[in-house]
Ligand SMILES: [Zn+2]
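Structural data, given as structure tokens:
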């Protein structure tokens, strides 16, 4: 009887791995630096080796493992387990991750994009528990998104479904985005955007508290802006208001099209809590069309933190097996 799953979250700096029960409980955890410089071979070998070590440490035989689920930072052909590209891993060509790791590990392998696995994690064991229609958004360096309809991730034609961060919020004159366009949601609601605006306020002298933080640290963190806003610094409040305004507006568009039960919002910026969430809900209600959608749709904080990725990667395996 197979009774455990291995969930993996591959990032540009670390490979996180967990041994999970079939219910999605974490039994063991492991984290190692990603050997990006060793290329795709080095990274795939590292994953296989970490999986072996994890099983050994837990005293679990390989024939008890239902499979390995992996989230990777890039567009994925989930059907075939092929990573199209992964900028943070320096993978510029498609990599047959499933095929190669199955050969190396002799276990079934399932692959998806990391924002999607984070969304699945929140659906399975986090804030989304019980919701079959859910959209997860991560406010970090960028703005990541995963769209789940009727319990399944929306991949789209090219594997880039759910790229919420690059919805255009300002058609002209918005800040430059990493994707090459301007005015994307990410340029207003990411930690990077909040840092950019906070640094500007500090330098222009509109925020005494941020000017003091810049002088003391030499730089501004997103947390500095959130703290200053909560303390009543008007320039900092305006920055949070702007991020919440655009996020609520983007969520209203998504709700008009998809009518989800929940938006689950995670990532560093979401740590601002109700101060941010109440503003996002206000903007959402202002722009969403149908009053019953405004009333039924919940906008809630993610609850799994850094574990969402490995748990959701485990769900890739769990959703493939009927009963073990
Ligand atoms: Zn963009």
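Numbering (the numbering used here), first residue to last: -10 to 313. Note that CB positions come from ideal geometry on N, CA and C, so glycine has one too. Bear in mind the structure is a predicted one, so any value in this text is a computation, not a measurement.
| Can we count residue 175 as close to ligand 1, meaning its CB is less than 7 Å from some heavy atom? | yes
| field | Entirely enclosed beta strand (DSSP E) segments - the segment 202 to 271, minimum 3 residues | value | Runs found: 251 to 255.
| said: Can you give me the C-alpha to C-alpha distance between residue 86 and residue 243, rounded to a whole angstrom? | reply: So the two alpha carbons sit approximately 31 Å from each other.
| query | In the DSSP assignment, what are the bridge partners of residue 5? | reply | -2 and 20
| Which listed residue (140, 135, 32 and 125) has its alpha carbon closest to that of residue 89 | 32
| task | Figure out for me which residue from 16, 304 and 268 has the closest Cα to the Cα of residue 289. | result | 268
| task | Report the residue from 198, 307 and 3 whose alpha carbon sits nearest the alpha carbon of residue 26. | result | When each option's Cα is compared against that of residue 26, the closest is 3.
| request: Using only the heavy atoms of ligand 1, determine whether one of them is closer than 7 Å to the beta carbon of residue 170. | output: yes
| message | With a threshold of 7 Å (Cβ to nearest heavy atom), would residue 155 be considered close to ligand 1? | response | yes
| said: Given 7 Å as the limit, tell me if residue 166 has its C-beta closer than that to any heavy atom belonging to ligand 1. | reply: yes
| said: Can you determine whether any heavy atom of ligand 2 sits closer than 7 Å to the C-beta of residue 154, and answer yes or no? | reply: Questions concerning ligand 2 fall outside what the structure shown contains, since the ligands it does hold are ligand 1.
| Rounded straight-line distance, which links the Cα of residue 253 to that of residue 73 | 27 Å
| Proximity below 8 Å, CB of residue 224 to CB of residue 195 | yes
| Between the Cα of residue 121 and the Cα atoms of 309, 304, 251 and 272, which residue gives the shortest distance? | Considering only alpha carbons, the answer is 251.
| Reduced DSSP secondary structure (H/G/I, E/B, other) of residue 68 | Looking at residue 68 - three-state DSSP - the assignment turns out to be coil, as it is neither helix nor strand.
| said: Below 8 Å, how does it come out for the segment 133 to 152 and the segment 90 to 110: are there three or more Cβ pairs, yes or no? | reply: yes
| query | Looking at the unbroken beta strand (DSSP E) that takes in residue 102, where does it start and where does it end? | reply | 98 to 102
| field | Nonlocal neighbours in the same chain, by C-beta distance under 6 Å from residue 255, ignoring five residues either side | value | 127 and 291
| message | With H, G and I counted as helix, E and B as strand and the rest as coil, what does DSSP make of residue 275? | response | Under the three-state reduction of DSSP, residue 275 is assigned to helix.
| request: Report back the beta-carbon spacing between residue 241 and residue 277 to the nearest angstrom; my notes put them in contact at under 8 Å. | output: 4 Å
| said: Within a Cβ cutoff of 7 Å, which residues of the same chain sit near residue 104, ignoring the five residues on either side of it in sequence? | reply: Correct list, in chain order: 127, 133, 134, 135 and 151.
| message | If you reduce the DSSP assignment to three classes, tell me which class residue 107 lands in. | response | helix
| request: Compute the Euclidean distance between the alpha carbons of residue 270 and residue 299, then round it to the nearest angstrom. | output: 29 Å
| residue 80 versus residue 59: straight-line alpha-carbon distance, rounded | 16 Å
| message | Using CA atoms only, rank isn't needed, just tell me which of 118, 69 and 78 is closest to residue 101. | response | 69
| query | Roughly how many angstroms separate the alpha carbons of residue 24 and residue 283, rounded to a whole number? | reply | 46 Å
| message | Please classify residue 168 as buried or exposed, where buried requires at least 16 neighbouring CB atoms within 10 angstroms. | response | Residue 168 comes out exposed.
| query | Any idea what DSSP makes of residue 305, helix, strand or coil? | reply | helix
| query | residue 76: buried (16+ other C-beta within 10 angstroms of its C-beta) or exposed? | reply | exposed
| task | Would you mind stating whether residue -3 and residue 71 have Cβ atoms separated by less than 8 Å? | result | Going by C-beta atoms, residue -3 is not nearer than 8 Å to residue 71.
| query | Between residue 173 and residue 156, which are expected to be in contact by the criterion C-beta below 8 Å, what is the C-beta distance as a whole number of angstroms? | reply | 7 Å
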